[in-house]
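Student:
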Amino acid sequence: MRDASTTSLLYGAHVRANGIRQHYLRFGGSGPAVVIVPGISTAAAQWAFIAERLCAGRDVYVLDVRGRGLSESGPHLSYSLDSCASDLVAFAEAVGIGPYTILGHSMGARIGIRAARWHSSFIERLIMIDPPVSGPGRRRYPIPVEPLLKLLHSAQRGEAETALRASDAPQWPERHIRMRAEWMHTCDERALIESHRGFHHDDIHFDLANLDVATALIVAGRGGVIRSEDEAEILRLLPSIAIRRLEGAGHQMQIDDTEGFLAIVQELLAQPRF
Numbered sequence: 000m001r002d003a004s005t006t007s008l009l010y011g012a013h014v015r016a017n018g019i020r021q022h023y024l025r026f027g028g029s030g031p032a033v034v035i036v037p038g039i040s041t042a043a044a045q046w047a048f049i050a051e052r053l054c055a056g057r058d059v060y061v062l063d064v065r066g067r068g069l070s071e072s073g074p075h076l077s078y079s080l081d082s083c084a085s086d087l088v089a090f091a092e093a094v095g096i097g098p099y100t101i102l103g104h105s106m107g108a109r110i111g112i113r114a115a116r117w118h119s120s121f122i123e124r125l126i127m128i129d130p131p132v133s134g135p136g137r138r139r140y141p142i143p144v145e146p147l148l149k150l151l152h153s154a155q156r157g158e159a160e161t162a163l164r165a166s167d168a169p170q171w172p173e174r175h176i177r178m179r180a181e182w183m184h185t186c187d188e189r190a191l192i193e194s195h196r197g198f199h200h201d202d203i204h205f206d207l208a209n210l211d212v213a214t215a216l217i218v219a220g221r222g223g224v225i226r227s228e229d230e231a232e233i234l235r236l237l238p239s240i241a242i243r244r245l246e247g248a249g250h251q252m253q254i255d256d257t258e259g260f261l262a263i264v265q266e267l268l269a270q271p272r273f
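Encoded structure:
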C-alpha cells in the first residue's frame, strides 16, 4: 500500500487518437513521462499496482491497447503491430506528452520497439519486458494462444475466477486473481488471435537493429520466452542495450517478483540517456 501523502492515481480518461478511442490511467502527474504498454491479454487496470510504485516524481500513463480494457474494439479494427504502434505514437501526441519512456511488457514491448523505430526523436527510453522474440523463420513463441482463449471464454460466461483458481492455473496472489477475473472479458477474441499470430509474422529484430533510443531489456529467468542465445543476438543487433535478468520469475515477472522487478525498473529509469 502507498502512503496516503504520496501521489497515486489521478484519473482514468479517454482520448481519440489514431482514429480510435483510447483509454488510459494517469498516475503522479509531474516529472519525466512513462507510458506503460501491457501485454496481449492485460488491461491497464492490471498494471495500476506497478504505476503506483513508479509515479513518485514521474508522470505515469498506463494504456489500454486497442481491443483490451476500455479502449475501442470490434470487427472494424486491425490488431496488427503497425496499428498498435501507431496508436501509441498518436496517444502520446494527443495527450501532449513530451519526450517519454516506453515500459512495454511482452506484446507491449514489441509495440514499443516498432514505435521507437518510427519516432525516436519523441521517445527518451525504451524498456522491454520479456518480449516475444519469435518471427519469420524463428522458433515459435513458447506460450500458446489456446489457454488464453479458453480463459477468455470462461470470462465471457462469468467463470474466470473459477478457472484462475484451478489446480493447473498460475498460483497468483489473491488481488491479481481478482483483477484478471474482472478484466479478462474485455479482450477482443480476434485481438488475441491476431496479436499472437503477429508474434510469428512481424520481424522485430529488424526494428531492434535500427533503434536510435536508449534501450533496455528485462528477461524472465523462467518460461523460456527469451533464451541466452536470444540475448546474445539482441546484443549483437543493438550493442548499446542494457540487459537485466530476473532469476526465478516467469513471464509475468511483475507479479512473480514484484519487488525484484521494481528494483530493476527503477535502476534503469535512473540511468542517464546515451
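Using numbering that gives the first Met the number 0, the letters of the sequence shown map in sequence onto residues 0 to 273.
Glycine included, each C-beta is placed from N, C-alpha and C at the ideal position.
For clarity, every value in this text was computed on a predicted model and none was experimentally measured.
Please report the straight-line C-alpha distance between leucine 9 and phenylalanine 26, rounded to a whole angstrom.
Tutor: 5 Å
Student: Taking a contact to mean a Cβ-Cβ separation below 8 Å, would you say isoleucine 49 touches isoleucine 39 in this structure?
Tutor: no
Student: Indicate whether arginine 109 and proline 135 have their beta-carbon atoms separated by less than 8 Å.
Tutor: no
Student: Going by the CB atoms, is the gap between serine 79 and aspartate 187 shorter than 8 Å?
Tutor: Note that the C-beta distance between aspartate 187 and serine 79 is not below 8 Å.
Student: Taking the beta carbon of threonine 185 as the centre, do at least 16 other beta carbons fall within 10 Å, making it buried, or is it exposed?
Tutor: buried
Student: In whole angstroms, what is the alpha-carbon distance linking leucine 234 and leucine 102?
Tutor: 19 Å
Student: Any chance the stretch 145-158 sits against the stretch 15-22, with 3 or more Cβ pairs inside 8 Å?
Tutor: Three or more beta-carbon pairs separated by less than 8 Å are not found between the stretch 145-158 and the stretch 15-22, which leaves the two stretches without contact.
Student: Taking contact to mean 3 or more Cβ pairs, one atom from each stretch, closer than 8 Å, check whether the stretch 111-120 and the stretch 219-238 are in contact.
Tutor: no
Student: On the premise that leucine 62 lies in contact with tyrosine 341, defined as a C-beta separation below 8 Å, what is that separation, rounded to the nearest angstrom?
Tutor: Nothing about residue 341 can be reported from this structure: the residues present for the chain run from 0 to 273 only.
Student: For leucine 151, which residues of its own chain have a beta-carbon under 8 Å away from its beta-carbon, when the five flanking residues on both sides are left out?
Tutor: Ser40, Met183, His184, Cys186, Glu188, Leu191
Student: Considering only C-alpha positions, which residue in the set Ser194, Ala44, Pro169, Glu51 is nearest to glycine 28?
Tutor: Glu51
Student: Can you list, in chain order, the residues of its chain with a C-beta nearer than 6 Å to that of aspartate 211? Leave out the 5 residues immediately preceding and following it.
Tutor: Closer than 6 Å at the Cβ level, and outside the excluded window around aspartate 211, lie Ser119.
Student: Give the DSSP-derived three-state secondary structure of glutamate 71 in the structure shown.
Tutor: coil
Student: Using three-state DSSP, classify glutamine 155 as helix, strand or coil.
Tutor: helix
Student: Out of Glu193, Ala84, Ile126, which has the shortest C-alpha to C-alpha gap to alanine 241?
Tutor: Ile126
Student: To which residues of the same chain is arginine 243 closer than 6 Å at the C-beta, ignoring the five residues directly before and after it?
Tutor: Ile217, Ile263
Student: Going straight from the alpha carbon of glutamine 270 to that of threonine 161, what length do you get?
Tutor: 43 Å
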